[in-house]
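Notes follow the structure.
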Amino acid sequence: MQQLTLKKALCNIKLEKRYYFMWKHGMKTWARDYSTITEEQFKEKYCKGSEIKYKNLQDWEKTEEYQNLLNLKMAEGMTADIFKIYNVVKDKALEGDDKAIKTLLMLQKEVKKNLKNIDKVKVEDEVEIEEDDGLEIE
Numbered sequence: 016m017q018q019l020t021l022k023k024a025l026c027n028i029k030l031e032k033r034y035y036f037m038w039k040h041g042m043k044t045w046a047r048d049y050s051t052i053t054e055e056q057f058k059e060k061y062c063k064g065s066e067i068k069y070k071n072l073q074d075w076e077k078t079e080e081y082q083n084l085l086n087l088k089m090a091e092g093m094t095a096d097i098f099k100i101y102n103v104v105k106d107k108a109l110e111g112d113d114k115a116i117k118t119l120l121m122l123q124k125e126v127k128k129n130l131k132n133i134d135k136v137k138v139e140d141e142v143e144i145e146e147d148d149g150l151e152i153e
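Written out as structure tokens, the structure is:
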């Protein structure tokens with residue numbers, strides 16, 4: 016079981032929805048910075064000027080599919096945030112702050128636990144079950 020990333024999830028939806036999500040959340044690709052596109056520009060370019068298409072995309076925000084994409088985006092952002100917090104706490108702990116030391120030890124324990132979970136998933140992915148496809152090699 017591979018972990019679903021936002022990038023993979025966005026590749027699995029219709030282009031107009033992908034563009035809308037990326038525009039709505041000011042995302043960037045190597046080819047385009049969606050944060051610089053205005054609402055009118057988005058409607059003109061990606062909805063071909065259709066208010067109905069744009070309204071359908073707005074309604075899509077209420078769906079489970081959209082919410083799942085939003086959760087993936089937040090999860091990826093949380094990883095970066097935790098890394099920043101870890102470094103701040105580590106610096107304070109190295110200065111001798113008792114509270115920071117306890118927090119650092121707790122964070123380290125959580126990271127180790129998460130790494131073990133990742134390793135379990137990798138091992139499960141590597142184990143392949145051979146299935147008989149009924150074909151015979153002559």
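Every number in this note's numbering is 15 more than the matching position in the sequence shown, counting from 1. Don't be surprised by glycine CBs; every beta carbon is placed ideally from N, CA and C.
By the 16-neighbour rule on beta-carbons within 10 angstroms, F98 is exposed. Residue pairing by DSSP places D48 opposite K43 in a beta bridge. Here V104 is buried: its Cβ has 16 or more other Cβ atoms, across all protein chains shown, within 10 Å.
For the pair I52 and K43, the CB atoms are not nearer than the 9 Å cut-off. Here DSSP, grouped into helix, strand and coil, assigns T94 to helix.
K63: not part of any alpha helix (DSSP H); DSSP gives it neither H nor E.
A direct Cα-Cα distance of roughly 10 Å separates I116 from D106. Between the alpha carbons of Y35 and L19 lies a gap of roughly 20 Å.
In the three-state scheme derived from DSSP, where H, G and I count as helix and E and B as strand, I116 is classed as helix. The continuous stretches of alpha helix (DSSP H) do not include L19, and DSSP gives it neither H nor E. Our two residues, D112 and T94, have alpha carbons roughly 24 Å apart in a direct line.
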